[in-house]
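Residue numbers (our numbering): 700 to 857. C-beta: ideal position from N, C-alpha, C; glycine also. Computed from a predicted structure; not experimentally measured. The block underneath contains the structure these notes are about, expressed in structure tokens.
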């Protein structure tokens, strides 16, 4: 049996539905326009730079974390030192550090705390990140090598 499926009308029989849809679209577009222009960059900075600046200003809280690396030998340790901005944190490098190694830094905003020990010839290396006396992330051995170290979520986020 071949039946046609009836599609319900989206407009009122007297044609007023079209006016309602047109008015709704106008309100929607009118409401979006100021929001979209608020995201535009000013003073010669790119939209990406504008967004980075807005994120840093909105979430400018600082917090303190302690990085720790233990084991027998690492060639170098890289870590987010609290400088830069949320989207591009600066890193500091310590070459041939004495282990155990510990450093307290003050990241800000949504900048993730991260420490990356480089130990290609040693699988007994462990890294931790501590926040308010509690270890928030830890990695060791082969897992440390494959994950690239210890990276945690900013305390401003979680």
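Taking the CB atoms as reference points, tell me whether residue i and residue j lie closer together than 8 Å.
i           : j           : result
residue 778 : residue 765 : no
residue 836 : residue 850 : yes
residue 781 : residue 807 : yes
residue 853 : residue 810 : yes
residue 763 : residue 803 : yes
Closer than 8 Å by C-beta to residue i: which residues in its own chain qualify, once you throw out the five before and the five after it? Chain order, please.
i           : result
residue 846 : 838
residue 759 : 807 and 808
residue 796 : 768, 773, 775 and 776
residue 840 : 822, 823, 824 and 825
On the CB-based measure, 16 or more other CB atoms within 10 Å of its CB, does residue i come out buried or exposed?
i           : result
residue 824 : buried
residue 771 : exposed
residue 829 : buried
residue 773 : buried
residue 848 : buried
residue 842 : exposed
Any idea which residues DSSP pairs residue i with across the strands?
i           : result
residue 783 : 788
residue 810 : Looking at the DSSP assignment, residue 810 forms no beta bridge with any residue, so it has no partner.
residue 838 : 826
residue 794 : 775
residue 799 : DSSP output for residue 799 lists no bridge partner at all.
residue 767 : 801 and 827
residue 761 : 807
residue 816 : 776
residue 850 : 813
residue 833 : 830
Grab me the residues of residue i's own chain with a C-beta within less than 6 Å of its C-beta, minus the 5 sequence neighbours each way, in chain order.
i           : result
residue 768 : 776, 800, 816 and 826
residue 761 : 805 and 807
residue 786 : 751
residue 794 : 775
residue 844 : none
residue 788 : 779 and 810
residue 792 : 775 and 777
Who are the Cβ neighbours of residue i in its own chain at under 7 Å, not counting the five residues just before and after it?
i           : result
residue 813 : 778, 779, 848, 849 and 850
residue 818 : 770, 772, 773, 774 and 824
residue 744 : none
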